[in-house]
Structures are given as structure tokens and as C-alpha cells.
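Step one of this worksheet: look at the structure below.
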Amino acid sequence: MELLTKELREQLPPLYSQEHEADPLVICKFFTPDSSWTWYALEFDGQDMFFGLVVGFEEELGYFLLSELRQARGPFGLPIERDIHFKPMRLSEVRKVHP
Numbered sequence: 407m408e409l410l411t412k413e414l415r416e417q418l419p420p421l422y423s424q425e426h427e428a429d430p431l432v433i434c435k436f437f438t439p440d441s442s443w444t445w446y447a448l449e450f451d452g453q454d455m456f457f458g459l460v461v462g463f464e465e466e467l468g469y470f471l472l473s474e475l476r477q478a479r480g481p482f483g484l485p486i487e488r489d490i491h492f493k494p495m496r497l498s499e500v501r502k503v504h505p
């Protein structure tokens, strides 16, 4: 699976462009199908670095790398996938999914 399509690259705002936005738009979602880790991308540097919401052991806003998503594997060896059904939504709506 292609984690980041050309269309998504064009939709993702550049890093720091939403930092003053009260409720920024989340563009895409990545997840491990064999664990509970999820990454929601809000911004992208155009090369490798995302800024977004990471839900793993804890929930936090931070940076993550496309190259790491491509290399990482879940506990059963499954690669990270992009949620092809995810529709862009506000961060406040995403956070309701992860109380």
C-alpha cells in the first residue's frame, strides 16, 4: 500500500501552517492493523516529516516520519497502513474517537 499518495501530499498543509488554528484539520490516518497505534497527519514538510496526533501508549501531538512509518511493523510483523476510508475532519472530532 502506498502510504502517502500524490493527492494526499497536495492536501497536507506545510509544517507550522496550522499552529495558530484552534481546531486544525486532520488530513489522513495511519494505523497498525495488529496493535492500537494510530497516527493522524495534520501537516507535512513535503519530504519526510509529519506533525499530527499520535495515539499509542499515550495520546500526544508531535512529529513523526514517513520513512519510519514505512519501516515499522506491528507485533505480528504487519506493516503500517493508511486508512483509505478516513475523511478529513477536525482534530476535536478525531479526539472524540480516542477518549
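When we follow the working numbering, the leftmost residue of the sequence shown carries the number 407, and every step to the right adds one. Every residue gets a Cβ at the ideal spot worked out from N, C-alpha and C, and that includes glycine.
DSSP, reduced to helix, strand and coil, places residue 427 outside both helices and strands of the structure shown, so it counts as coil.
From the listed residues 497, 448, 475 and 480, the smallest Cα separation to residue 440 is found for 480. Between residue 421 and the set 465, 451, 487 and 472, the nearest pair of CA atoms involves 451. Under the three-pair Cβ rule at 8 Å, the segment 448-465 does not count as touching the segment 476-490.
Residue 421 carries a coil assignment under DSSP once its states are collapsed to helix, strand and coil.
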